[in-house]
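Comments concern the structure below.
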């Protein structure tokens, strides 16, 4: 692993840990919407920690799978945070919950956050790139098991891009959650972390 990638992974980890510290510092009500978003945020932070550990150990393929889960959790969290009705939130606990399809949910999220430049920029990166990288990995793994001389090397830029997308997803959800919870100062602190991470 190049030193530059190693530094980027450390910066991603430090950014998410600081986001977690800011989120943990605040007090929240225990209504179902808040509990669900807070739970999703905690879950994707754990996934992010695992992504970094897997990459450091050279297990990039599994890290990409977790990055897809971070994106999915972020979308779901944004929907619960700003779009879901009280009835939809209460029915999430039901096993056969299917009030909306994923495309419908994504459409509502995009409508709710369409004027947010941070969301718009991240939306343009997240799904298409991570899905493309995942498909490319399937092909590389298949080629490797047919012809081991083909290798399984990952481009550092690709790995860095996936980590950046996962990191910024967490920052985005945390910022919007804090804003909804009327923690404006903390929401801005998280936005500043996004800018510092991206620089």
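Residue numbers (my numbering): 1121 to 1319.
Don't be surprised by glycine CBs; every beta carbon is placed ideally from N, CA and C.
What do you reckon, are the CB atoms on residue i and residue j nearer than 8 Å?
i, j, result
"residue 1129", "residue 1283", "yes"
"residue 1209", "residue 1222", "no"
"residue 1122", "residue 1276", "yes"
"residue 1190", "residue 1212", "no"
"residue 1187", "residue 1238", "no"
"residue 1232", "residue 1204", "no"
"residue 1157", "residue 1290", "no"
So is residue i buried or exposed if we call it buried at 16+ other beta carbons inside 10 Å?
i, result
"residue 1242", "buried"
"residue 1301", "buried"
"residue 1312", "exposed"
"residue 1193", "buried"
"residue 1179", "exposed"
Check whether the Cβ of residue i lies closer than 8 Å to any Cβ atom in chain D.
i, result
"residue 1154", "In summary, chain D is missing from the structure at hand, where a single protein chain is found."
Could you give the distance in angstroms between the alpha-carbon of residue i and the alpha-carbon of residue j?
i, j, result
"residue 1167", "residue 1286", "9 Å"
"residue 1182", "residue 1131", "21 Å"
"residue 1299", "residue 1154", "12 Å"
"residue 1207", "residue 1196", "16 Å"
"residue 1160", "residue 1198", "10 Å"
"residue 1234", "residue 1146", "27 Å"
"residue 1319", "residue 1185", "26 Å"
"residue 1127", "residue 1138", "16 Å"
"residue 1303", "residue 1149", "12 Å"
Legend entry - Inter-stretch contact (C-beta, 8 Å, three-pair minimum) for the stretch 1137-1156 and the stretch 1294-1310: In short, these stretches touch, since the Cβ pair count reaches three.
Legend entry - At least 3 beta-carbon pairs within less than 8 Å: the stretch 1167-1175 vs the stretch 1305-1312: Because the criterion of three Cβ pairs below 8 Å is not met, the stretch 1167-1175 and the stretch 1305-1312 do not touch.
Inset, instruction - Kindly provide the ranges of any alpha helix (DSSP H) runs that are 4 or more residues long and lie completely inside the stretch 1180-1243, ordered along the chain. - result: Fully enclosed alpha helix (DSSP H) runs of 4 or longer: 1180-1202, 1206-1211, 1222-1233 and 1237-1243.
Inset, instruction - Run through the stretch 1276-1302 for me and flag every whole alpha helix (DSSP H) of 4 or more residues, listed as ranges in chain order. - result: The qualifying runs are 1276-1300.
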